[in-house]
Structure formats: structure tokens, C-alpha cells
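Take 390 as the starting number for the sequence shown in our numbering and just add one per residue.
Everything below concerns the one structure shown next.
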Amino acid sequence: MKIDIKSMLPEELEASFSEIREPKYRAKQVFTWLGKGAVSFDEMSNLPKSLRNTLNERYYITVPKVIRKQVSKIDGTIKYLWELSDGNAVETVVMTYRHGNTVCISTQVGCRQGCAFCASTIGGLVRNLEPSEMLDEVLFSQIDSGLDISNIVLMGIGEPLDNFDNVVKFLKLVNHPDGLNIGMRHISLSTCGLTEKIDKLAQLNLQLTLSISLHAPDDETRTKIMPVNRGRGVDELIAACKRYYERTGRRISFEYAMIDGVNDTPFHARLLAEKAKEAGAHVNLIPLNYVEERKFKPSSRENLEKFVKILENCGVNTTVRRKLGGDVDASCGQLRRRAAKTTAEN
């Protein structure tokens, strides 16, 4: 079987190239070409033809195909639906901010976590993405859009820490100075709360930003909307956050989708303030995106403003995420779900 060359770190390439009696500098040349978006070995003009032929026999290069591309007329947000080599599809979103261009990538095809308000988990988990496939989301979004990507958010389809080893390898690949060279401090990873994996990530001390998809500060509410809370609980999650901060020195962010009548009451706001202060966390409130298959609705502007005021009065650093791409299904999983439904109907 051929080897996925784009999932290999430079030192792995060097070791593999030594097996075919090629010098180390050839591995660096190939790694650089892959970081520029080469889709075939024949493009690698500074390699001997004999080596290119050997590479074609031994390795393969992943290349995603754009199934659908939607560009927001409101704010320019770009939503991609990529077809992978096995016919599965994942979503990627490119967003423009004052501080630069951010790409939000998927880490799995589908998701097993079952959050009740999310479109990504409908249909469950299909498979994990390979490091190369996550790298492709960044690389080809940049190439197709013509925008220089300066920030990465792992907050698309899937739970990053459920694909731990592949995600960590992707982070090393995208951070490498001979590749895309995107700094760890420009990368944010979002998890629904796999506490054992949070501890494992902390041991690596990668200096990225960890975001916790909290969405409820109490066990009763959180368990109803997030099955991952069963067997762990909010207190255990907060304890893991504190350990992460103590190990890395990196402040954590709580992501909190405002759901009408579910988690947006003054009770929830006051309890959230307590949990945020305990963990030393920043709170990022997210206006809920409507998902056709789900029953939930976003909080009213009045409730959102009251919620923010309570948090601020409690001394919690709070922001409300600017809603981007509302006209291009920018919420995770919607475009993939719609494309799958269209295919089934046809």
C-alpha cells in the first residue's frame, strides 16, 4: 500500500527516504513542495525524474475536491464543502477579522458526541480525519480563496480530542517552519470536555488556546444537551481546566451557545460566572445558529443582553461572538447535511 506522504513530519520523511537511499535534503525539498500545495510529484521540478517516479510508486498526495463553495454577501465568509479521497465530505469556513484571516477546520467526518443543538453529530461518527486531510483544509482554503491564513480554529465537524493523535500531528505539521509555519499561539482547539484528553494535551504544553464548549454551567442542563457530561460532570471539567492552566499558563475560553429557554436564564448566568472565575476563564457567548433538524432557538436579544450584564457585573471577561456567514450555512455540519440529503433524494 502507498504511504500518505503529507501526514509525515520532516524527520519521518528523512527516515523513509533513507530506505530508498535518498539524502536528507530531498526530504526537505518534498516537504516544502507539499506545504506549497503541490498536487503531484511531477510538479516538483527540482527533483530528478527517477526520484519522482519512485515517489509515485511509493507514496500518494491527498488532494480534496470542492463540492460546494458559498460566499457570504454580508461579510465575505467562505464556506467550503470538500470531498475526500473516499467520497466522504467535510466542511471548512474562512472568516475575515481585523487581526487576519481565520480558517475553521473539521477534524472528523461526523461526530459521536451527540450534542443536542449541533448539526455535525446527526448521523454519528463516520471516521477520523488524517493529519494530511486537516492540513489540506487549511492549505487549499488558502489557495482557493487567495487569502493568507493567519489563524486556525479546530471547531468544525468532529471532536478534536476524540482524534487526539492525528490532531496533534496536524498541529506539528502546520506549525513547522518549513511548512505553513502558523504559530501555536494563533491556533485554537475546541473540545466538548473530554477531561482525560485535556490532561493529555496539557502534558504536551503546545501553547495553543484551549476552548471548552461548555454551553451550560450545571450538570442537569448540560447533561440534557451534551451527553459527554454523563460520567464526568461540570466540576470535573472545571478541575481539568484548572490543571491545564497550571501546566501551560494558557488561559482557557468557555464557548457558550445561547439557547432560548434552556441555558439563558439569570440562574445560568450567575452560575456560569462562578465557574468562569474558578477556572480563570474568558466567556465567549455565541448566538445559536438555527439547525433545521433541531428544536432549539437562539436566545432573544433581550435575554442575551441581560446575560452579558450579569457576567460583567460579576467581574467575568465576556465577549459576544460576531455572527458570520449566516447566509451560507456557516454553522458546523449544515452544508454537509444538506448535500447528503440532496444526494439521497436524487
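Glycine residues also receive a C-beta, built at the ideal position from the N, C-alpha and C atoms.
For residue i, the nearest candidate out of the options (CA to CA)
{"i": "SER521", "options": "GLU585, PHE506, GLY426", "result": "GLY426"}
{"i": "GLY650", "options": "MET544, LYS684, SER579", "result": "LYS684"}
{"i": "PRO549", "options": "SER509, GLY535, ASP567", "result": "SER509"}
{"i": "ALA628", "options": "GLN497, HIS657, ALA670", "result": "ALA670"}
{"i": "LEU599", "options": "THR485, ARG690, LYS631, VAL623", "result": "LYS631"}
{"i": "THR654", "options": "ILE641, PHE420, PRO687", "result": "PRO687"}
{"i": "SER474", "options": "VAL498, GLU625, GLN531", "result": "VAL498"}
{"i": "MET390", "options": "LEU444, LYS438, GLU403", "result": "LEU444"}
{"i": "LYS664", "options": "LEU677, GLU644, PRO676, ASN678", "result": "GLU644"}
{"i": "LYS666", "options": "ARG447, SER495, ASN702, TYR679", "result": "ASN702"}
{"i": "LEU593", "options": "LYS468, MET573, ARG619", "result": "MET573"}
{"i": "ASP393", "options": "GLN418, SER407, GLU446, THR707", "result": "GLU446"}
{"i": "ILE532", "options": "LEU423, LEU677, PHE406", "result": "LEU423"}
{"i": "VAL563", "options": "GLY535, GLU472, ILE494, GLY622", "result": "ILE494"}
{"i": "PRO370", "options": "THR708, LYS417, PHE406", "result": "An answer regarding residue 370 cannot be provided, because it is not within the stretch 390 to 735 covered by the chain."}
{"i": "ASN517", "options": "PHE553, VAL697, TYR448", "result": "PHE553"}
{"i": "GLU625", "options": "TYR448, ARG639, ASP608, ILE614", "result": "ASP608"}
{"i": "ARG640", "options": "LYS589, LEU578, VAL697, ALA658", "result": "LEU578"}
{"i": "ILE541", "options": "ASP551, GLU472, HIS575, GLY535", "result": "HIS575"}
{"i": "THR485", "options": "VAL460, GLU472, ARG410, THR496", "result": "VAL460"}
{"i": "GLY739", "options": "TYR448, VAL515, GLY465, ILE450", "result": "A query on residue 739 cannot be resolved here, the shown segment of the chain reaching from 390 to 735 and no further."}
{"i": "LEU536", "options": "ASP551, LYS589, GLY465", "result": "GLY465"}
{"i": "GLU451", "options": "VAL428, LYS458, TYR469, CYS500", "result": "Here residue 451 is Thr; the residue named in the question, Glu, does not match the sequence. Looking at the Cα atoms, VAL428 is the closest of the given residues."}
{"i": "PRO437", "options": "TYR448, GLU411, PRO453", "result": "GLU411"}
Contact under 8 angstroms by Cβ, residue i with residue j
{"i": "ALA646", "j": "VAL705", "result": "no"}
{"i": "VAL672", "j": "LEU700", "result": "yes"}
{"i": "ASN736", "j": "GLU585", "result": "Beyond the ends of the chain as shown, which are 390 and 735, falls residue 736; an answer cannot be given."}
{"i": "ILE511", "j": "GLU682", "result": "yes"}
{"i": "ILE538", "j": "ASN570", "result": "no"}
{"i": "ARG415", "j": "LEU398", "result": "no"}
{"i": "GLY568", "j": "PHE420", "result": "yes"}
{"i": "GLY582", "j": "VAL617", "result": "yes"}
{"i": "VAL492", "j": "SER530", "result": "yes"}
{"i": "ALA591", "j": "THR637", "result": "yes"}
{"i": "LEU560", "j": "LYS395", "result": "no"}
{"i": "THR610", "j": "ASN652", "result": "yes"}
{"i": "GLU403", "j": "LYS413", "result": "yes"}
{"i": "PHE696", "j": "LEU674", "result": "yes"}
Cross-strand partners of residue i (DSSP beta bridge)
{"i": "VAL651", "result": "None, per the DSSP bridge assignment."}
{"i": "ILE675", "result": "ALA646"}
{"i": "VAL460", "result": "ILE467"}
{"i": "ILE576", "result": "ILE541"}
{"i": "TYR449", "result": "ASP393"}
{"i": "VAL709", "result": "LEU674"}
{"i": "PRO687", "result": "ILE648"}
{"i": "LYS454", "result": "GLU472"}
CB contact check: residue i to chain B, cutoff 8 angstroms
{"i": "THR451", "result": "Looking for chain B here will not work: only one protein chain is present."}
- Whole runs of the beta strand (DSSP E) within the stretch 478-504, excluding any shorter than 3 residues: 478-486, 489-494, 497-499
- Whole alpha helix (DSSP H) elements within the stretch 500-558, 4-residue minimum: 520-534
- Item | contact_flag[the stretch 493-508, the stretch 603-618] where n(CB pairs < 8 angstroms) is 3 or more | yes
- Message: Assess contact between the stretch 526-546 and the stretch 478-489, defined as three or more Cβ pairs (one per stretch) separated by less than 8 angstroms. Is contact present?
- Response: yes
- Inside the stretch 583-646 only - alpha helix (DSSP H) runs reaching at least 4 residues: 584-593, 608-614, 623-637
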